[in-house]
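Student: In the UniProt record's numbering, the protein residues as written are 1 to 129.
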């Protein structure tokens, strides 16, 4: 058996690029396809990446997926970060040794500066492994 995990947090300003990593604990990350799902608050999950790096129709090309054999992890990259990207993101793969679907998730939350403090709006990704 193997596990998928995600780091607790990563943050970036709106308009910039954020990458969510999903390391596989054992076995090759390339052994089974990785999918990524987005779930906005109050909505059902939708697929943003399937088969490691393929985008369903309608998903903007700001979303990209990759796998890195050297770190044995998958990544979801969101470029040109927008407030609409605030959502839960699920990393999912399949354990063919016991026919088990494994997934983990993290949530993107926009953090706004206090009204009294000028500065850029930022987005923060809080991830629960």
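Just so you know, even glycine gets a beta-carbon here, dropped at the ideal spot from N, CA and C.
1. Helix, strand or coil: which one does DSSP assign to residue 21?
2. Give the secondary structure of residue 114 by DSSP, where H, G and I count as helix, E and B as strand, and everything else as coil.
3. By how many angstroms is the C-alpha of residue 32 removed from the C-alpha of residue 42?
4. Look at the Cβ atom of residue 69, then the Cβ atom of residue 20, and state whether they are nearer than 9 Å.
5. How is the beta strand (DSSP E) around residue 37 delimited, first residue to last?
6. Can you give the beta carbon distance from residue 75 to residue 65, rounded, assuming they're within the 8 Å contact cut?
7. Using the beta-carbon count (16 or more within 10 Å), is residue 93 buried or exposed?
8. Which residue from 80, 72, 82 and 86 puts its Cα closest to that of residue 25?
9. Taking the C-alpha atoms as reference points, what is the distance between residue 15 and residue 77?
Tutor: Reading off the structure:
1. The sequence position of residue 21 within the chain shown is 21, counting from 1. Note: residue 21 maps to strand in three-state DSSP.
2. Numbered from 1 along the chain shown, position 114 holds the residue referred to as residue 114. With a pLDDT of 39 at residue 114, under the threshold of 50, the modelled position of this residue cannot be trusted; read the value that follows with caution. Here residue 114 sits in coil by DSSP.
3. Translated into positions along the chain shown, residue 42 becomes position 42. Translated into positions along the chain shown, residue 32 becomes position 32. Whole-angstrom Cα-Cα distance: 30 Å.
4. For the purposes of this step, residue 69 is identified with residue 69 of the chain shown, where counting begins at 1. For the purposes of this step, residue 20 is identified with residue 20 of the chain shown, where counting begins at 1. It is not a contact, given that the beta carbons lie outside the stated cut-off.
5. Here residue 37 corresponds to residue number 37 of the chain shown, with the count starting at 1. Unbroken beta strand (DSSP E) run through residue 37: 35-39.
6. For the purposes of this step, residue 75 is identified with residue 75 of the chain shown, where counting begins at 1. For the purposes of this step, residue 65 is identified with residue 65 of the chain shown, where counting begins at 1. With a Cβ gap of about 7 Å, residue 75 and residue 65 count as contacting.
7. Sequence index remark: in the chain shown, residue 93 carries index 93 (1-based). By the neighbour-count rule (16 or more Cβ atoms within 10 Å), residue 93 is buried.
8. Counting from one through the chain shown, the residue named residue 25 turns up at place 25. When each option's Cα is compared against that of residue 25, the closest is 72.
9. By 1-based counting over the chain shown, the position of residue 15 is 15. By 1-based counting over the chain shown, the position of residue 77 is 77. Spanning the two alpha carbons is a distance of roughly 13 Å.
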